[in-house]
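Chains as they are written, first to last, in our numbering: chain A, 22 to 346; chain B, 1134 to 1484.
Reading through the structure tokens given below for one structure.
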């Protein structure tokens, strides 16, 4: 076990894929000469050369679409989009093309491609650079969406994403690139579509993913110190969404709180809650508590941004307002 | 690059332009390797497309084909001429007016018609329909219905061909309507920067749905001159002359295989029918349509074959009868095919 930052974990996953499969190549804006906006691909150009480490023009729709074509043509592209907010510019290719082409062609064409993109608020980049569109993408059939909350998951999920024969979007919480966690030297993968029960408990279930796991873990620590037995679930994957694991937990603890650092309205937690109430309503002691960031464009000012962003205080307040704990 | 644009244009097609801009004549050297059978096959393909489209219209009226139906009538020479210059290893990517390209590539006529009928025997098991024909085994990579959305896909297929060090290439068909999408400009630039083996083939039929080019485009109704911006050699060709299209494509393809990077062909063509089957064509006068119909590519080519001594009336009639039988059989096949099994709803979503 070595403690490494999520940035390093991702880099390890990309490096071994480049090493092992000549059909893997990476493209994106400033991933080569510059080394990547978040330094994940730093040094790759020197190691693998310009054929496999392709700097692109600032044309997200074109190079994401070119990745789809390259995948259809037998390669395994890994694409970096500099911010998931910029993925909007490429939504036509991601949704209309990548997610639909297999079905429309009656299964003739697959798109084995990974799109990596930093996501989330909290670093004062204001409205156009702080959004979390992994929740939008999770609604689209024909593709997968994962979002790691730590270095271990980032490497395991990335390995699975690269091996997957479908488009997998890896949403990387920008605030976590420097966060460190233990990662074993031995090879492992993490199955896409399975949630992780990171802490077992019997009184209450807290569910989140990505950066949201930070306030959730902090809240769980506090509640545990007060004698509350908390179960914590990291979704890991937004599509496929592992409803079963959450339903099982809700049937055990009878109290469910879902937390998203993306905006509250219309997010993946709304979907999760709808599923849970259909399948486990009679097991619940009360309404599921849904906590999400404020429904405003992300502000630049630090205090305003922190007020909008879900933190441990909001999680604790949600738990205490919802349940007699 | 302006000079290369010019030189290619000059050599690509012997299309002469009169002062009023109408193509007046064209000819292709018949001393080449093309034999009589191949000449006749071009006729067969064009007539097959025409009759297939007529049958589609009839079956749309009967309610057997639903959704949107965009017919290729009038444009047959562009797809047939261009695709006849390709090899098996080359990819084809096209727009939603895709029946012509599919048939020119040799996709199964029965399965094509069955796809339009939404049947389980269709190319995509009835999941794609008219606008989304695919046959990956023939490297026919769709039928795409977001205007200009197919261009990035084509660039990527070409990127794969370049990466794998093949001498295959990708041909991307698109219409004049595509040219005002940002993606069009993005992809032209990307392909040029990466020297991709891709042929951009513009089928300029003068109207993006109901919008005449001059109503929606600054800079005139010719697109090929703008390719100097991207450093992409470009040619203009008479899209009603199948041999001129074939020759222009052969030249462009040769350059691409020689590693010269992306090439661009603009074929001036015209659809004799509405944008889709439901189009009443309020946006244009029938006089203009009648005028273009005088240059029906199938009639022009039949006359030329006879002039060249490659065929006589009887040969032409024989082909027409054979084609009619093939199309009739495809309609029968489609009618008699079963609907996709209900389980197909859930297959092919993920690999």
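All C-beta atoms in this analysis are idealised placements derived from N, C-alpha and C, irrespective of residue type, glycine included.
Residues in the same chain with beta-carbon distance under 7 Å from residue 1271/B, minus the five sequence neighbours each way, listed in chain order, please. 1238, 1239, 1240
Whole-angstrom distance between residue 241/A and residue 224/A, CA atom to CA atom: 11 Å
Would residue 1444/B pass as a contact of residue 1176/B if the rule is Cβ separation under 9 Å? In contact: residue 1444/B and residue 1176/B (Cβ atoms closer than 9 Å).
Spell out whether any CB of chain B is found under 9 Å from the CB atom of residue 85/A. yes
Per-residue burial, residue 161/A [other beta carbons within 10 Å of its own, 16 or more giving buried]: buried
Confirm, please, whether the CB-CB distance from residue 1256/B to residue 307/A is below 9 Å. no
If you reduce the DSSP assignment to three classes, tell me which class residue 1156/B lands in. Only weak support is given to the placement of residue 1156/B: the predicted model assigns it a pLDDT of 37, under 50, and the value that follows is read from those uncertain coordinates. Three-state DSSP puts residue 1156/B in a strand.
Starting from the N-terminal side, write out each stretch of the alpha helix (DSSP H) that is 4 residues or longer and does not extend beyond the region 1237-1323 of chain B. As far as the region 1237-1323 of chain B is concerned, its whole alpha helix (DSSP H) runs of at least 4 residues are 1242-1249, 1283-1296.
Contact set between the region 1272-1290 of chain B and chain A, restricted to residues whose Cβ is under 7 Å from the partner: Across the region 1272-1290 of chain B, CB contacts with chain A closer than 7 Å involve 1274, 1275, 1279, 1282, 1285, 1286, 1287, 1288, 1289, 1290, in sequence order along the chain.
When you compare only the Cα positions, how much space is there between residue 1458/B and residue 168/A? Near 56 Å, if we compare the C-alpha coordinates of residue 168/A and residue 1458/B.
For residue 1297/B, which option in 333/A, 343/A, 43/A, 332/A has the closest C-alpha, if you only look at C-alpha atoms? 43/A
Tell me, please, which residues DSSP counts as bridged to residue 138/A. 192/A
Shorter than 9 Å from the beta carbon of residue 46/A to some beta carbon of chain B? yes
In chain A, which residues lie less than 7 Å from residue 1211/B when you measure between Cβ atoms? Residues of chain A passing the Cβ test: none, with the nearest at roughly 22 Å.
Strand pairing of residue 1481/B, partner residues [DSSP]: In the DSSP assignment, no residue is bridged to residue 1481/B.
Inter-stretch contact at 8 Å, needing at least 3 Cβ pairs: the region 212-229 of chain A / the region 65-72 of chain A: no
For residue 1322/B and residue 1432/B, the rounded distance between their alpha carbons: Cα to Cα, residue 1432/B sits roughly 38 Å from residue 1322/B.
Identify the continuous alpha helix (DSSP H) that holds residue 1224/B and give its terminal residues. From DSSP, residue 1224/B is part of no alpha helix (DSSP H) but of the beta strand (DSSP E) over 1224-1227.
Counting contacts by CB-CB distance shorter than 9 Å, is residue 42/A in contact with chain B? no
Can you give the Cα-Cα distance for residue 1154/B and residue 1368/B, rounded to whole angstroms? Because the pLDDT at residue 1154/B is just 36, under 50, the model does not fix this residue reliably, and the point stays unresolved.
Would residue 1327/B count as contacting chain A if we go by Cβ distances under 9 Å? yes
Going along the chain, which unbroken runs of the beta strand (DSSP E) with 3 or more residues stay wholly within the region 184-246 of chain A? 188-194, 201-204, 217-220, 225-229
Does the Cβ of residue 1478/B have 16 or more other Cβ atoms within 10 Å, making it buried, or fewer, making it exposed? exposed
What residue range is occupied by the uninterrupted alpha helix (DSSP H) comprising residue 48/A? Where residue 48/A is concerned, there is no enclosing alpha helix (DSSP H), although the beta strand (DSSP E) around it starts and stops at 45-49.
Please state if the CB of residue 107/A and the CB of residue 138/A are separated by a distance shorter than 9 Å. yes
Please list the partners that residue 1258/B has in chain A, where partner means a Cβ-to-Cβ separation under 7 Å. Those within 7 Å of residue 1258/B in chain A are 127.
Can you say whether residue 321/A is buried or exposed, counting buried as having 16 or more other CB atoms within 10 angstroms of its CB? exposed
Counting C-beta neighbours from all protein chains within 10 Å, is the total for residue 1476/B 16 or more, i.e. buried, or is it exposed? Exposed.
Quick one, which of 1273/B, 1320/B, 1450/B has its alpha-carbon nearest residue 1285/B's? 1320/B
Taking DSSP as the reference, what is the three-state secondary structure of residue 1444/B? coil
Under three-state DSSP, which class holds residue 98/A? It is a strand residue.
Helix, strand or coil for residue 1379/B, going by three-state DSSP, please let me know. Of the three classes helix, strand and coil, the one that applies to residue 1379/B here is helix, per DSSP.
When Cβ atoms are compared, which residues of the region 104-130 of chain A fall closer than 8 Å to chain B? 113, 114, 117, 118, 122, 123, 124, 125, 126, 127, 128, 129, 130
Nearest by alpha-carbon distance to residue 1365/B: which of 1328/B, 1217/B, 1434/B, 1376/B is it? 1328/B
For the alpha helix (DSSP H) holding residue 301/A, just list the boundary residues, first then last. First-last of the alpha helix (DSSP H) with residue 301/A: 289-301.
Boundaries (first-last residue) of the beta strand (DSSP E) holding residue 1211/B: Residue 1211/B -> not in any beta strand (DSSP E); alpha helix (DSSP H) instead, spanning 1209-1216.
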